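Here the sequence shown is numbered in our numbering, starting from 506 and rising by one per residue.
Beneath this line is the structure, given in structure tokens, with notes to follow.
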Amino acid sequence: MAASSVPHQEADRLDHARQGTVPLSATRAVTSQGVVARDRWHREAHLQMLNYLSPEEGGSHVQVLDFVDSLRPHMPPNAPTAAVELTAAVNQY
506 MAASSVPHQE
516 ADRLDHARQG
526 TVPLSATRAV
536 TSQGVVARDR
546 WHREAHLQML
556 NYLSPEEGGS
566 HVQVLDFVDS
576 LRPHMPPNAP
586 TAAVELTAAV
596 NQY
């Protein structure tokens, strides 16, 4: 698989999930792997995952917290995604 095709494939998977043609659990795993393969700490990709997992898009607060909890142990304090946890907390209110 060409490296340049990875972002497009992940975006397509997320679009299909938003349309309800792919289960949320399958999309989360595949999209998370794609984000890590492309750029482990890509801020915008992580923020899009937060939005996708939010209740406004058919997810739940629990799914958002699970996603944030899966990032926390591995994230360096100076990573561009360091504020993802804070963003999730602010979005909840």
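Backbone N, C-alpha and C fix where the C-beta goes; we use that ideal spot for every residue, glycine too.
For clarity, every value in this text was computed on a predicted model and none was experimentally measured.
In this structure, DSSP gives threonine 592 a helical state, which the three-state scheme calls helix.
CA-to-CA, the gap between glycine 564 and asparagine 596 works out to about 13 Å. With a contact defined as Cβ atoms closer than 8 Å, leucine 552 and phenylalanine 572 miss out at about 11 Å.
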